[in-house]
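Taken in order, these protein sequences are the chains called A and B.
In this text, residue positions in the first sequence follow the numbering used here: the first is 1475, and each later residue adds one.
In this text, residue positions in the second sequence follow the numbering used here: the first is 1475, and each later residue adds one.
Here a beta-carbon is modelled for each residue, glycine too, at the ideal position from N, C-alpha and C.
Protein chains: 2
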Amino acid sequence: MRALTPKGAATRQRIVEGAAKLIRDHGPANVGLDDIRAATTTSKSQIFHYFPDGKADMLLAVAAHEAELVLAEQEPYLSDLTSWAQWEAWRDRVIARYAAQRRRCPLSALTAQLGLADPAVEGIITGMYARWHRHVADGVRSVRPDADAERAATQIIGAIVGGATMLVATDDIRYLEIGLTEAIESLKNA
Amino acid sequence: MRALTPKGAATRQRIVEGAAKLIRDHGPANVGLDDIRAATTTSKSQIFHYFPDGKADMLLAVAAHEAELVLAEQEPYLSDLTSWAQWEAWRDRVIARYAAQRRRCPLSALTAQLGLADPAVEGIITGMYARWHRHVADGVRSVRPDADAERAATQIIGAIVGGATMLVATDDIRYLEIGLTEAIESLKNA
DNA sequence: GGCATTTTGGACCGCACAGTCCAATCCACG
DNA sequence: CGTGGATTGGACTGTGCGGTCCAAAATGCC
């Protein structure tokens, strides 16, 4: 891929963000290139110009964008889980975020839908979870040096993913609220 | 819908089960009517004969079938969580089951993919979760009469769903193992 | 056995949608 | 300015797939 002029880069960006939003709102299965074209005021040729391998190529960029978003949304807390107060601020931020987005959930769209077919997307997802896991495990170590940090991080992330999945499936936020709260609680009492 | 002769009922059943298996293996998005036709040695007209409203109609039957399966797999333990030994047997059964099916997961296919578009399928799913929740809450009450049974059941089911989702996404069983084990553990120490 | 109904086969239709192509325009740089 | 590459518009193509249709075979019923 040759150099991209500022204008080109902006167009590419507009496509990725527009597509990401559509996919979040309607699910990957219900979003066609024409929808993306319409929502981003671009033309077919632009999509294929910036994503030579077509839709799969673009979905890869969307996945990377969304994976970044999932972690970015949790900052600055996620990188600094060094006190119980920070842990609680993080938990509240996560819950508030998911309560707000409700079913438009980048995490669920990524994990449960985008990653299914394409191994490349799968790689992005596992990478995202690895980074997430590392942050949480670091946090565990700083408040509970004696605990099994890997195990605790696995439990906590599992609770969030379960909560997000149930939120999308049943529109009920309690699975996330209770699951995450209890996971942190059990860490405190370890 | 008029009466169905035994032969007709058998064909209908064959279609539902064949479709369910294909969907479990390849995901709803990657299964077409022709695949189902081929896998069940039926013809297009049979599918539309037994499911007049077409694919959506058939997916509804598949969803009901799979929802039944998810709960049936957990029996006889799920209906009789009256001692810690039963709880542990149930936990082991659930983990073994998911470890065996790995990514071919009826629960995830239902929750994260089938239910997205069709409100009728969504109803089946919420009904399934309601039944599941009731069983688990009953179990909690019988071993921990003092605990908040609704809250505990929510936590436990959330952990399983999270574990199943992560199993599909990353092929890692530990999210389920650890999540479910710790959720039950925290119930014991409540 | 004969009539009605259900069941089955498979050709056919139409559309949605990813992907192609080429000509028109914009822009950087000499 | 003028030239070449980047960018854009949009018509067009091919096809995969859900859905329709009708006629033939099997089955149930009296």
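| Item | Value |
| --- | --- |
| Selected residue, minimal CA-CA separation from A:L1584, among A:A1621, A:T1600, A:I1489, A:R1625 | A:T1600 |
| Sequence ranges, alpha helix (DSSP H) only - wholly within the segment 1501-1549 of chain B, length at least 4 | 1507-1514, 1518-1524, 1529-1546 |
| CA-to-CA distance, A:E1549 to B:A1664, given in whole angstroms | 32 angstroms |
| 9 angstroms Cβ cut-off: residues of chain B touching A:Y1572 | Within 9 angstroms Cβ-Cβ: nothing; A:Y1572 doesn't reach chain B, min ~13 angstroms. |
| Where B:G1492 falls: helix, strand or coil (DSSP) | helix |
| Three-state class that DSSP yields for B:D1554 in the structure shown | helix |
| Distance, B:A1657 Cα to B:Q1487 Cα | 38 angstroms |
| Buried/exposed call for B:S1557, threshold 16 Cβ in 10 Å | exposed |
| For A:I1598, three-class secondary structure by DSSP | helix |
| Which of helix, strand or coil DSSP assigns to B:T1644 | helix |
| A:M1602: contacting residues in chain B (beta-carbon distance under 9 angstroms) | What A:M1602 touches in chain B: nothing, since even the nearest Cβ is about 10 angstroms away. |
| Neighbourhood of B:R1615 by C-beta, 6 angstroms cutoff - its chain only, sequence neighbours within 5 removed | A1623 |
| Interface residues of chain A facing B:L1590 [CB-CB closer than 7 angstroms] | G1501 |
| Residues near B:A1611 by beta carbon distance below 8 angstroms, same chain, minus five either side | A1623, E1624, A1626, A1627 |
| Beta-carbon proximity of A:A1665 to A:I1598, cut-off 8 angstroms | Lying outside 1475 to 1664, the shown extent of chain A, residue 1665 of chain A is not represented and no answer is given. |
| Contact with chain A by B:I1497, beta-carbon distance below 8 angstroms | no |
| Which listed residue (A:A1493, A:R1498, A:S1519) has its alpha carbon closest to that of A:D1509 | A:A1493 |
| Supposed contact pair B:A1638 and B:L1581 - C-beta distance, whole angstroms, cut 8 angstroms | 5 angstroms |
| Secondary structure of A:A1591, DSSP reduced to three states | coil |
| The segment 1648-1655 of chain A contacting the segment 1568-1578 of chain A, beta-carbon criterion three pairs below 8 angstroms | yes |
| Closer than 7 angstroms at the beta carbon, the chain A residues around B:R1625 | I1652 |
| Listed by chain order, chain A residues near B:E1656 by CB distance under 7 angstroms | Q1629, S1660 |
| B:R1608: contacting residues in chain A (beta-carbon distance under 9 angstroms) | Simply none; closest approach about 14 angstroms. |
| is_contact[B:Y1551, chain A] using C-beta, thresh 8 angstroms | no |
| DSSP three-state assignment for A:R1576, whether helix, strand or coil | coil |
| Local Cβ density within 10 Å of A:A1604, reported as buried at 16 or more and exposed below that | exposed |
| Contact list for A:G1632 against chain B, beta-carbon separation under 8 angstroms | A1633, G1636, G1637, M1640, Y1649, L1650, I1652, G1653 |
| B:L1590 versus B:K1529 - alpha carbon distance | 15 angstroms |
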